[in-house]
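**Student:** Going by my numbering, the residue at position 396 of the sequence shown is 396; the numbering climbs one at a time, nothing skipped.
Just dropping this structure here.
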Amino acid sequence: MKKIVIFFAVFIITFLPAKADIVKVSADDAVHLALENNLELQAKRKEIDILKQEVKMANALKNPQLQSSVLVGNIGRSNASQAGVALPIEIAKRGVRKKAAIANLSLMEDKIRQEELNLKLEVMSAYFDVVYMKSVVSILQQREQLYRKMRQVAEAKPKTSPNYEVEKLQSDIKHKKQLISLNKAKANLIYAQFHFNKVLNLKDTSTMYDTRESSLFQEHISLLDIQLPEYSTIEEVAMKYSYSIKIAYDNIDKSERDLSVAKHKPIPDLTAQGGYAFSGDGQYHGAYVGGYFDLPVLYSYRPEIKRAQIILDRAKIDEVSFENKLKFALKEDYNNFKYAKENMGYYKAILKESDNILKMSEQRYANGKTSLLNLFIIENSHQEILNEYISDMQVYYDAYLDLMHNMGHDILLDEKSLDDL
Numbered sequence: 001m002k003k004i005v006i007f008f009a010v011f012i013i014t015f016l017p018a019k020a021d022i023v024k025v026s027a028d029d030a031v032h033l034a035l036e037n038n039l040e041l042q043a044k045r046k047e048i049d050i051l052k053q054e055v056k057m058a059n060a061l062k063n064p065q066l067q068s069s070v071l072v073g074n075i076g077r078s079n080a081s082q083a084g085v086a087l088p089i090e091i092a093k094r095g096v097r098k099k100a101a102i103a104n105l106s107l108m109e110d111k112i113r114q115e116e117l118n119l120k121l122e123v124m125s126a127y128f129d130v131v132y133m134k135s136v137v138s139i140l141q142q143r144e145q146l147y148r149k150m151r152q153v154a155e156a157k158p159k160t161s162p163n164y165e166v167e168k169l170q171s172d173i174k175h176k177k178q179l180i181s182l183n184k185a186k187a188n189l190i191y192a193q194f195h196f197n198k199v200l201n202l203k204d205t206s207t208m209y210d211t212r213e214s215s216l217f218q219e220h221i222s223l224l225d226i227q228l229p230e231y232s233t234i235e236e237v238a239m240k241y242s243y244s245i246k247i248a249y250d251n252i253d254k255s256e257r258d259l260s261v262a263k264h265k266p267i268p269d270l271t272a273q274g275g276y277a278f279s280g281d282g283q284y285h286g287a288y289v290g291g292y293f294d295l296p297v298l299y300s301y302r303p304e305i306k307r308a309q310i311i312l313d314r315a316k317i318d319e320v321s322f323e324n325k326l327k328f329a330l331k332e333d334y335n336n337f338k339y340a341k342e343n344m345g346y347y348k349a350i351l352k353e354s355d356n357i358l359k360m361s362e363q364r365y366a367n368g369k370t371s372l373l374n375l376f377i378i379e380n381s382h383q384e385i386l387n388e389y390i391s392d393m394q395v396y397y398d399a400y401l402d403l404m405h406n407m408g409h410d411i412l413l414d415e416k417s418l419d420d421l
């Protein structure tokens, strides 16, 4: 499936009109664009407007009923026809129903905030994937240049030198295979760029957005310039600000309100009646009043009350369970972040040393002091270090995104918010 998507991505990008705009944005700009203009998020925000109307609906009064009975024939001579109004009155139900609707609205508002946070993280993850793939392309381009140079060196050697034909063929095969790998990486990069724009999901599709960073190997990349507080502060902030915990408490509140609604259902409703009656003989006319109750005799609503109680108990257990799991998840993410950050420093130093070894080996091969096979081994080792380095960057950034998911992006970045704890 992915190969098909990549094929169409390459096909589409090849035939895009020349006037299509390519706009480079930072990660923060991309997040802002999505929060303001993402179509799916705009649709989800409409849920709040819907639930606001449901609050009004929950507080609605029953409409009055116009009633009349006209007697015809002989029976009308001794009995009265009548016309009047009946007004159904709910007793002790509207208030609790409105509070339940308000609780549901509060739950949805926090769910939308969670969706906004999820969108931020999805945009940032897609943004990083583009920069990551640019880095892979950069690595493979450097390898392609190296293999091309190695092929040229092998071809330039005297034909009488040992293993001339073998080394010439080996270097040519390596170069061609590298071109294939490079083309695959370019296709994957295009796929990542399309995915990034799909995540943004903006109405204007004539503009393609791209990352400002050209690769993860820049001297200073703000995308990875992340400073975190101590773990104790992170856990304290998460327990206070996590949208998931807020949603868990909202579910408890909503379940309590729903239980209250269920408990009030057995209370009988009153219907008050009144009107005017006309006697059949035309002698005695007058007003009348009446009323009746709905009695919960055949159905007492006990299953609904019990069901609401079970849902409330489940919501309370879910909240405690989530808090327990959240603490372990925070520890896991924090340790992944901490050690990945430390490893990045080691990889940076190793990469510099490996690059020096590779350059010396290239020179030694050009001077005939080492074999092509040894150069291939050293180059492959250098390639592994490069791949491990950017993979560690991905672990580092993913751990950061996971921490943001559990804590809340704005709280994590706004150090002033920590002063309130």
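In this text, a Cβ means the ideal position worked out from N, Cα and C, and glycines have one as well.
Please read all numbers here as calculations on a predicted model, not as lab measurements.
Are the beta-carbon atoms belonging to Gln104 and Lys254 less than 8 Å from one another?
**Tutor:** A small fix is needed here, since residue 104 is Asn in this sequence, not Gln. Yes, these two residues count as a Cβ contact at 8 Å.
**Student:** Using CA coordinates, which residue listed in Gln309, Ala34, Phe376 is at the minimum distance from Glu256?
**Tutor:** The residue with the shortest Cα to Cα distance from Glu256 is Gln309.
**Student:** Any idea which residues DSSP pairs Gln82 with across the strands?
**Tutor:** According to DSSP, Gln82 bridges with Ser69, Ala277.
**Student:** Taking the beta carbon of His405 as the centre, do at least 16 other beta carbons fall within 10 Å, making it buried, or is it exposed?
**Tutor:** His405 is buried by the Cβ-count criterion.
**Student:** Return the residue from the list Lys203, Pro229, Ile139 that minimises the CA-CA distance to Ala185.
**Tutor:** Of Lys203, Pro229, Ile139, the residue nearest in Cα terms is Ile139.
**Student:** Which residue comes first and which comes last in the beta strand (DSSP E) that contains Val23?
**Tutor:** Looking at the DSSP string, the run of the beta strand (DSSP E) that includes Val23 is 21-25.
**Student:** According to DSSP, simplified to helix, strand and coil, what is Asp402?
**Tutor:** Looking at Asp402 - three-state DSSP - the assignment turns out to be helix.
**Student:** Mapping the DSSP letters down to three states, classify Thr370 as helix, strand or coil.
**Tutor:** If DSSP states are grouped into helix, strand and coil, Thr370 belongs with coil.
**Student:** Which parts of the segment 236-302 are runs of the beta strand (DSSP E), unbroken and 3 residues or longer, counting only runs that do not cross its ends?
**Tutor:** Runs of the beta strand (DSSP E) inside the segment 236-302: 270-278, 285-293.
**Student:** Let's test the definition: count the other Cβ atoms within 10 Å of the Cβ of Gln67 and tell me whether it reaches 16, buried, or not, exposed.
**Tutor:** Exposed, by the Cβ-count rule.
**Student:** Answer with buried or exposed for Pro17, where buried requires no fewer than 16 other C-beta atoms within 10 angstroms of its C-beta.
**Tutor:** With a pLDDT of 44 at Pro17, under the threshold of 50, the modelled position of that residue is not reliable, and no figure is offered here.
**Student:** To the nearest angstrom, report how far apart Ile173 and Ala192 are at their CA atoms.
**Tutor:** Going from the Cα of Ile173 to the Cα of Ala192 covers about 29 Å.
**Student:** So which of Glu332, Gly291, Glu115 has the shortest CA-CA distance to Leu270?
**Tutor:** The shortest C-alpha separation from Leu270 is found at Gly291.
**Student:** If you check the beta carbons only, do Lys341 and Tyr397 fall under 8 Å apart?
**Tutor:** No, Cβ-Cβ distance for Lys341 and Tyr397 is not below 8 Å.
**Student:** Which residues in the same chain as Lys24 place their Cβ atom closer than 6 Å to its Cβ, once the five residues preceding and following it in sequence are excluded?
**Tutor:** Closer than 6 Å at the Cβ level, and outside the excluded window around Lys24, lie Asp210, Arg212.
**Student:** Measuring only the C-alpha atoms, how far is Gln363 from Tyr339?
**Tutor:** Taking the straight line joining both Cα atoms gives about 36 Å.
**Student:** Can Tyr299 and Met407 be called in contact, C-beta distance under 8 Å?
**Tutor:** Contact flag unset, no.
**Student:** Once DSSP output is grouped into helix, strand and coil, what is the label at Leu189?
**Tutor:** Three-state DSSP puts Leu189 in a helix.
**Student:** Looking at Ala58: is its Cβ nearer than 8 Å to the Cβ of Ala100?
**Tutor:** Yes, the pair counts as a contact, with Cβ atoms nearer than the cut-off.
**Student:** Taking just the CA atoms, how far does Ile221 sit from Ile200?
**Tutor:** Here the sequence assigns Leu to residue 200, which means Ile is not the residue at that position. Approximately 22 Å, taken between the alpha carbons.
**Student:** I'd like to know whether the C-beta atoms of Ile378 and Ile350 end up nearer to each other than 8 Å.
**Tutor:** No. Outside cutoff.
**Student:** For a quick check, are the C-beta atoms of Leu119 and Ala27 less than 8 Å apart?
**Tutor:** Their beta carbons are not under 8 Å apart, which means Leu119 does not touch Ala27 by this criterion.
**Student:** On the CB-based measure, 16 or more other CB atoms within 10 Å of its CB, does Ile180 come out buried or exposed?
**Tutor:** By the neighbour-count rule (16 or more Cβ atoms within 10 Å), Ile180 is not buried but exposed.
**Student:** Which residues in the same chain as Val39 place their Cβ atom closer than 8 Å to its Cβ, once the five residues preceding and following it in sequence are excluded?
**Tutor:** The displayed chain sequence assigns Leu, not Val, to residue 39. Within the same chain, Leu39 has close Cβ partners Asn201, Leu202, Lys203.
**Student:** Judging by CA-CA distance, which residue of Gln383, Asn380, Ser381, Leu372 is the nearest neighbour of Pro162?
**Tutor:** When only C-alpha atoms are compared, the closest one is Leu372.
**Student:** On the DSSP letters alone, give me the boundaries of the beta strand (DSSP E) that Asp210 sits inside.
**Tutor:** Run containing Asp210: 207-211, per the beta strand (DSSP E) assignment.
**Student:** So what does DSSP say about Leu421, is it helix, strand or coil?
**Tutor:** Per-residue confidence for Leu421 stands at a pLDDT of 47, beneath the threshold of 50, marking its modelled position as unreliable; no derived number is given.
**Student:** Quick one: using the 10 Å Cβ neighbour count with 16 as the cut-off for buried, is Lys159 buried or exposed?
**Tutor:** So Lys159 counts as exposed.
**Student:** Thinking C-alpha only, which one of Ser106, Glu144, Ala83 is nearest Asp273?
**Tutor:** Contrary to the premise, residue 273 reads as Gln rather than Asp in this sequence. If we check each option's Cα against that of Gln273, Ala83 comes out closest.
**Student:** Measuring alpha carbon to alpha carbon, tell me which of Gly368, Ile112, Lys331, Leu87 ends up nearest Glu236.
**Tutor:** Among Gly368, Ile112, Lys331, Leu87, the Cα nearest to that of Glu236 belongs to Lys331.
**Student:** Under the DSSP definition of a beta bridge, which residues are partnered with Ile89?
**Tutor:** Leu270.
**Student:** Could you tell me the alpha carbon to alpha carbon distance between Tyr389 and Lys352, rounded to whole angstroms?
**Tutor:** Going from the Cα of Tyr389 to the Cα of Lys352 covers about 12 Å.
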